[in-house]
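Trainee: The structure that follows is given in the form of structure tokens.
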Amino acid sequence: MIGYAFFRLVSLCASLAAASIVIFGVIEVIPGDPAAFMLGVSATDDAVAALRAELGLEGGVTARYFSWVGGMLVGDFGTSYTYRVPVSELVLARLQVSLPLTLYALALSTAVAIPVGLAAAARRGGTADYGIMAATQLGIAVPNFWFAMLLVLVFSIGLGWFGAGGFPGWEAGFWTGVKALTLPAVALALPQASILARIMRSSLLEVLGQDYMRTARAKGLSGRQAVVSHGLRNALIPVMTILGLQFSFLLAGAIIIENVFFLPGLGRLIFQGIIQRDLIVVESVVMLLVFAVIMVTYLVDLTYAAIDPRLRRSI
Amino acid sequence: MKVPAQLWFGAALSSAFVVAALVSLVWTPYPVDELSIDQRMRLPGDGYVLGTDQFGRDMLSMLMVGARTSIAVAIVAVGIGMAFGVPLGLLAAANRGKPVDEIVMRTNDLVFAFPSLVIAILITAVFGPSAFNAILAIGIFNIPVFARVTRGGALSLWTLDFVLSARVAGKSRLRISLEHILANITNLLIVQGTIQFSLGILAEAGLSYVGLGAQPPTPSWGRMLAESQTLVSLAPHIAAFPGLAIVLTVLGLNLMGDGLRDILDPRLRSTR
Numbered sequence: 009m010i011g012y013a014f015f016r017l018v019s020l021c022a023s024l025a026a027a028s029i030v031i032f033g034v035i036e037v038i039p040g041d042p043a044a045f046m047l048g049v050s051a052t053d054d055a056v057a058a059l060r061a062e063l064g065l066e067g068g069v070t071a072r073y074f075s076w077v078g079g080m081l082v083g084d085f086g087t088s089y090t091y092r093v094p095v096s097e098l099v100l101a102r103l104q105v106s107l108p109l110t111l112y113a114l115a116l117s118t119a120v121a122i123p124v125g126l127a128a129a130a131r132r133g134g135t136a137d138y139g140i141m142a143a144t145q146l147g148i149a150v151p152n153f154w155f156a157m158l159l160v161l162v163f164s165i166g167l168g169w170f171g172a173g174g175f176p177g178w179e180a181g182f183w184t185g186v187k188a189l190t191l192p193a194v195a196l197a198l199p200q201a202s203i204l205a206r207i208m209r210s211s212l213l214e215v216l217g218q219d220y221m222r223t224a225r226a227k228g229l230s231g232r233q234a235v236v237s238h239g240l241r242n243a244l245i246p247v248m249t250i251l252g253l254q255f256s257f258l259l260a261g262a263i264i265i266e267n268v269f270f271l272p273g274l275g276r277l278i279f280q281g282i283i284q285r286d287l288i289v290v291e292s293v294v295m296l297l298v299f300a301v302i303m304v305t306y307l308v309d310l311t312y313a314a315i316d317p318r319l320r321r322s323i
Numbered sequence: 005m006k007v008p009a010q011l012w013f014g015a016a017l018s019s020a021f022v023v024a025a026l027v028s029l030v031w032t033p034y035p036v037d038e039l040s041i042d043q044r045m046r047l048p049g050d051g052y053v054l055g056t057d058q059f060g061r062d063m064l065s066m067l068m069v070g071a072r073t074s075i076a077v078a079i080v081a082v083g084i085g086m087a088f089g090v091p092l093g094l095l096a097a098a099n100r101g102k103p104v105d106e107i108v109m110r111t112n113d114l115v116f117a118f119p120s121l122v123i124a125i126l127i128t129a130v131f132g133p134s135a136f137n138a139i140l141a142i143g144i145f146n147i148p149v150f151a152r153v154t155r156g157g158a159l160s161l162w163t164l165d166f167v168l169s170a171r172v173a174g175k176s177r178l179r180i181s182l183e184h185i186l187a188n189i190t191n192l193l194i195v196q197g198t199i200q201f202s203l204g205i206l207a208e209a210g211l212s213y214v215g216l217g218a219q220p221p222t223p224s225w226g227r228m229l230a231e232s233q234t235l236v237s238l239a240p241h242i243a244a245f246p247g248l249a250i251v252l253t254v255l256g257l258n259l260m261g262d263g264l265r266d267i268l269d270p271r272l273r274s275t276r
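So the protein sequences, as listed, match chains A and B.
FYI, in this note's numbering the residues of the first sequence are 9 to 323.
FYI, in this note's numbering the residues of the second sequence are 5 to 276.
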């Protein structure tokens with residue numbers, strides 16, 4: 009297991025290095041001179057030179073790349089051109105919204121999907137199974153930002169149970185913060201929960217047909233006992249993989265959902281960065297998002313290997 | 005062979021939107037570039053089947069032209085994914101375990117780490133928003149998907165006897181890939197193509213919604229939703245119809261994909 013974890017760690021570092029080269033290439037090399045790009049066509053040469061010096065954009069491409077990566081390794085993401093503060097400060101502040109939102113949605117989708125998938129598999133072919141399958145088919149087809157708008161219409165404007173948007177900050181109290189993130193998290197979780205419930209159902213159905221399940225029943229376990237002690241662990245393997253994959257979709261979805269609810273998260277930061285041509289902010293936030301996706305994939309692989317020892321040999 | 009009902013239903017649903025998009029090339033009930041402020045936010049009926057938007061434009065006409073944008077973006081993005089992903093997958097499978105296989109698969113993993121929204125953000129930050137950049141972003145995301153599916157399907161075929169006899173007959177790996185492997189994974193690619201097409205429609209809507217996709221005056225479902233957001237309590241129909249159009253198209257394509265998979269890959273039928 010340690011050997012497997014080490015091998016995957018080396019490939020994780022290689023992926024991160026490759027991703028950083030791609031991001032740096034697109035943001036800092038393709039536009040030519042990033043300082044001139046940020047200031048626009050009407051900028052004077054002096055202004056461009058001054059901004060270049062201020063943002064540390066002087067020097068050759070290779071030197072700049074290594075100084076960017078070296079900075080990130082010690083938590084220095086450079087300085088935002090529009091906000092005039094370190095990008096790390098901006099990112100840290102915004103993460104306090106985006107990260108809880110993503111985790112909240114992940115928790116909601118798992119909490120709903122696993123029992124729903126189990127229930128559908130237990131009643132295979134029955135009305136409840138058909139109902140659940142039809143509902144999940146619909147859940148997958150609904151764009152989460154549209155569902156978010158419907159939630160606002162019903163629960164904020166109609167019933168007045170939740171605010172229509174904005175985030176009061178965690179200083180206003182834990183539950184106030186959770187309440188402000190509830191509708192966005194529900195909107196974000198719906199498609200993922202639908203996919204997960206379907207995976208859970210088909211994975212459990214496949215496990216139920218296995219010989220070891222029949223053996224478990226033959227030695228006297230009830231259906232429920234057999235599923236809990238032998239079936240679930242095996243059925244959860246594909247669910248784990250999908251959960252890992254979903255993390256990147258949730259992160260990307262959070263960027264969009266933050267726009268619907270005017271939440272001050274990473275999504276708002278990145279879109280403001282694009283509008284104001286603040287390339288340093290865009291570059292750092294994109295690197296952070298990609299880092300998160302690669303990291304989660306690594307953790308899922310390790311968990312996967314821990315659940316199913318056969319996978320450790322396949323390297 | 006019995007064609008499942010969901011395939012019929014899905015095909016009918018998605019065809020309706022394809023037909024609407026095609027008809028919009030030659031005819032729409034009203035011109036979509038004509039604003040009539042005195043007719044704004046009209047409810048459905050009374051000359052406007054689905055009502056009008058905040059600028060007095062006919063919703064049905066906007067939805068028809070919007071279908072064109074969505075479908076065009078999704079089709080080209082699937083095309084990009086197939087055009088690059090399938091040859092890469094065939095190449096990797098034909099050279100299983102060799103450095104070229106490793107390079108293709110690791111590059112795949114790298115692209116997978118960039119969700120299509122993140123690719124779109126990168127492209128837009130430098131080149132500005134446009135429908136073309138949305139196509140590029142979704143298309144790039146599709147490449148590793150098709151490469152992986154192709155490689156997976158091809159690997160299992162390379163172990164079969166008919167491929168072995170082709171090799172004994174002296175055919176090159178390239179010829180076997182093109183003549184035997186590709187022909188036998190077409191079903192797999194059709195099913196994956198349908199799934200990526202529906203994901204493409206959702207992705208295009210999302211990108212247009214946040215302003216990274218089609219730009220005004222080109223109507224697009226995602227942007228119609230973004231523009232309706234502040235008016236949702238005054239005129240819910242402006243937000244309802246573009247959303248419904250997305251749901252029904254994606255639902256149709258997903259049902260069609262599931263139905264096709266049932267026919268083309270019967271092994272999956274028992275558990276799904």
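Virtual Cβ for every residue (Gly too), placed ideally from N, Cα, C.
#1: Locate the alpha helix (DSSP H) running through A/Y220, then write down its first and last residues.
#2: Which residues of the segment 95 to 112 of chain B have a Cβ closer than 9 Å to any Cβ of chain A? Give them in chain order.
#3: Using a C-beta to C-beta distance shorter than 9 Å, which residues of chain B count as neighbours of A/A143?
#4: If you draw a straight line from the alpha carbon of A/I203 to that of A/I38, how long is it in whole angstroms?
#5: Classify B/S224 as buried or exposed, calling it buried when 16 or more other Cβ atoms lie within 10 Å of its own Cβ.
#6: Closer than 7 Å, Cβ to any Cβ of chain B: which residues of the segment 226 to 246 of chain A, in chain order?
#7: Sort A/Q145, A/G239, A/A115 and A/A127 by Cα distance to A/G217 and report the nearest one.
#8: For a contact meaning CB atoms closer than 8 Å, what does A/I264 contact in chain B?
#9: Cβ of B/I142 less than 7 Å from any chain A Cβ?
#10: Please list, in chain order, the chain A residues whose beta carbon lies closer than 7 Å to that of B/V130.
#11: DSSP on A/D137, reduced to helix/strand/coil?
#12: Please classify B/Y52: does DSSP put it in a helix, a strand, or coil?
#13: Hey, out of B/D266, B/L257, B/A138 and B/I267, whose CA is closest to B/A20's CA?
#14: Strictly under 7 Å for the Cβ-Cβ distance: is B/A117 near chain A by that measure?
#15: For the segment 237 to 252 of chain B, list every residue whose C-beta sits within 7 Å of some C-beta in chain A, in sequence order.
#16: If you compare alpha carbons, which of B/A239, B/A209 and B/P240 is closest to B/T253?
#17: Assuming contact is defined by CB atoms lying nearer than 7 Å, are B/R265 and B/V153 in contact in what I supplied?
#18: Check B/T32 in the structure and name its three-state DSSP category.
#19: Below 7 Å CB to CB, which residues in the same chain sit around A/Y220 once its five sequence neighbours on both sides are set aside?
#20: Do B/G60 and B/S40 have their CB atoms nearer than 7 Å?
#21: Using 7 Å as the limit for Cβ to Cβ distance, is A/I203 near chain B?
#22: So A/V301 contacts chain B; which residues on that side make the cut at Cβ distance below 9 Å?
#23: Give every residue of the same chain whose Cβ lies closer than 8 Å to the Cβ of A/L191, excluding the five residues on either side of it in the sequence, and list them in chain order.
#24: I believe B/G204 touches B/A9 by the beta-carbon criterion, under 8 Å. Please report the beta-carbon distance rounded to the nearest angstrom.
#25: Looking only at its own chain, which residues have a Cβ that is under 6 Å from the Cβ of B/Y34, when we skip the five neighbours before and after it?
#26: Cα-Cα, which of B/R155, B/T198, B/Y213 and B/L206 is closest to B/I185?
#27: Measure from the alpha carbon of A/A246 to the alpha carbon of each residue in A/R225, A/F255 and A/L212, then state which is nearest.
#28: B/D105 to A/C21, Cα distance in whole Å?
#29: I'd like to confirm the pairing. Which residues does DSSP put opposite A/D53 in its beta bridges?
#30: Here's the rule: buried if 16 or more other CB atoms are within 10 angstroms of the residue's CB, otherwise exposed. What is A/T305?
#31: Taking all protein chains shown into account, do 16 or more other C-beta atoms lie within 10 angstroms of the C-beta of A/P42, making it buried, or fewer, making it exposed?
#32: Using a Cβ cut-off of 9 Å, pull out every chain B residue sitting near A/M157, in sequence order please.
#33: Please confirm if B/V172 has its CB atom under 7 Å from at least one CB of chain A.
#34: Examine the Cβ distances between the segment 91 to 102 of chain A and the segment 168 to 188 of chain A and report whether three or more of them are shorter than 8 Å.
#35: Can you tell me whether B/R110 is buried or exposed, with buried defined as 16 or more other CB within 10 angstroms of its CB?
#36: Using a Cβ-Cβ cut-off of 8 Å (strictly less than) and excluding sequence neighbours within five positions of A/N267, which residues of its own chain qualify?
Mentor: From the atom records:
#1: Unbroken alpha helix (DSSP H) run through A/Y220: D219 to A226.
#2: Result list: R110 and T111.
#3: Those do not exist, as A/A143 stays about 12 Å from chain B at its closest Cβ, beyond 9 Å.
#4: A/I203 and A/I38 have their alpha carbons spaced roughly 38 Å apart.
#5: B/S224 counts as buried, since no fewer than 16 other beta carbons sit within 10 angstroms of its beta carbon.
#6: Residues: none.
#7: Closest option to A/G217, Cα to Cα, is A/G239.
#8: Per Cβ cutoff of 8 Å: L121, G210, Y213 and V214.
#9: By the rule that beta-carbons nearer than 7 Å mark a contact, B/I142 does not touch chain A.
#10: What B/V130 touches in chain A: V34, I35, I38 and P39.
#11: A/D137: helix per DSSP, three-state reduction.
#12: In this structure, B/Y52 counts as strand in the three-state DSSP scheme.
#13: Nearest C-alpha to B/A20 among B/D266, B/L257, B/A138 and B/I267: B/L257.
#14: Judged by the 7 Å Cβ criterion, B/A117 is in contact with chain A.
#15: Among the residues of the segment 237 to 252 of chain B, those with a Cβ less than 7 Å away from any Cβ of chain A are S237, P240, A243, G247, I250 and V251, in the order of the chain.
#16: When each option's Cα is compared against that of B/T253, the closest is B/A209.
#17: Taking 7 Å as the Cβ cut-off, B/R265 and B/V153 do not qualify as a contacting pair.
#18: Of the three classes helix, strand and coil, the one that applies to B/T32 here is coil, per DSSP.
#19: Same-chain partners within the cutoff: H238.
#20: Taking 7 Å as the cut-off, the Cβ atoms of B/G60 and B/S40 count as close.
#21: No, because no Cβ of chain B sits closer than 7 Å to the Cβ of A/I203.
#22: Those are F116, A117, F118, P119 and V122, listed as they occur along chain B.
#23: Counting only Cβ-Cβ distances below 8 Å, and skipping sequence neighbours, we find A156, L159, V160, F163, S164, F170 and F269.
#24: With a beta-carbon spacing of about 25 Å, B/G204 and B/A9 fall beyond the 8 Å limit used to define contacts.
#25: So the qualifying residues of the chain are D62 and S65.
#26: The shortest Cα separation from B/I185 among B/R155, B/T198, B/Y213 and B/L206 belongs to B/R155.
#27: Sequence check: residue 246 of chain A is Pro here, not Ala. Nearest of A/R225, A/F255 and A/L212 to A/P246, Cα basis: A/L212.
#28: Between B/D105 and A/C21, the C-alpha separation is close to 20 Å.
#29: None; A/D53 has no bridge partner.
#30: Buried, because 16 or more other Cβ atoms sit within 10 Å of the Cβ of A/T305.
#31: Buried, because 16 or more other Cβ atoms sit within 10 Å of the Cβ of A/P42.
#32: Against A/M157, the close residues of chain B are L229, S232, Q233, V236, A243 and G247, in the order they occur along the chain (beta-carbon pairs closer than 9 Å).
#33: Look at B/V172: its C-beta is not under 7 Å from any C-beta on chain A.
#34: With a cut-off of 8 Å, the segment 168 to 188 of chain A and the segment 91 to 102 of chain A do not count as touching, because too few Cβ pairs lie within range.
#35: Exposed, by the Cβ-count rule.
#36: Non-local beta-carbon contacts of A/N267 in its own chain, meaning distances under 8 Å to residues more than five positions away in sequence, involve F153, G275, R276 and F279 in chain order.
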